[in-house]
Structures are given as C-alpha cells and as structure tokens.
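Residue numbers (the numbering used here): 2 to 65. All C-beta atoms in this analysis are idealised placements derived from N, C-alpha and C, irrespective of residue type, glycine included. Source: prediction; values computed, not measured.
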Amino acid sequence: MSTIMPEDKKVRQAVKWVDEGIQEGKSLDRLLGEAGMRFNLGPRDEEFLYKFFRKNEQGSDDNQ
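And the structure:
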C-alpha cells in the first residue's frame, strides 16, 4: 500500500489487521465490519477504513 497511513494508533492497527485478512483471502466486507468492533473505532475512523480499502481495491482492479 502506497498511501499515507493515519496517525491514530487504533486505525493503523485496524489497517494492518484488515490487510492481513485480505492476504489470507477473507472477505473485505466482513473484515471491515469486524474491525470497527475489534479496534473500538468511531464512525469517522470506520468511514476512513472503508474508503481506504475501497479506494485501494478499485486501484488494483485498474492495474490488471
């Protein structure tokens, strides 16, 4: 991932956790849903996480 990482530690941990789950082949939707609860993220942080991975997901589709 070549984007700027957020400063909040909880969000950084969530990004890492979701990315690891994706590498294991897990569903992005399920990971994003669980990350909010697992890392006690607020609505803004959850929205950031969703946009972060959706943007990267679309970018990887364009490169194929």
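DSSP state of residue i mapped onto helix, strand, coil
{"i": "F53", "result": "helix"}
{"i": "D9", "result": "coil"}
{"i": "Q27", "result": "In the sequence on display, residue 27 carries Lys and not Gln. Coil, per DSSP."}
{"i": "L42", "result": "coil"}
{"i": "M2", "result": "The predicted model places M2 with a pLDDT of 49, which falls under 50 and marks its position as unreliable, so this point remains unresolved."}
Own chain partners of residue i with C-beta closer than 6 angstroms, once the 5 adjacent residues on each side are dropped
{"i": "D46", "result": "V12"}
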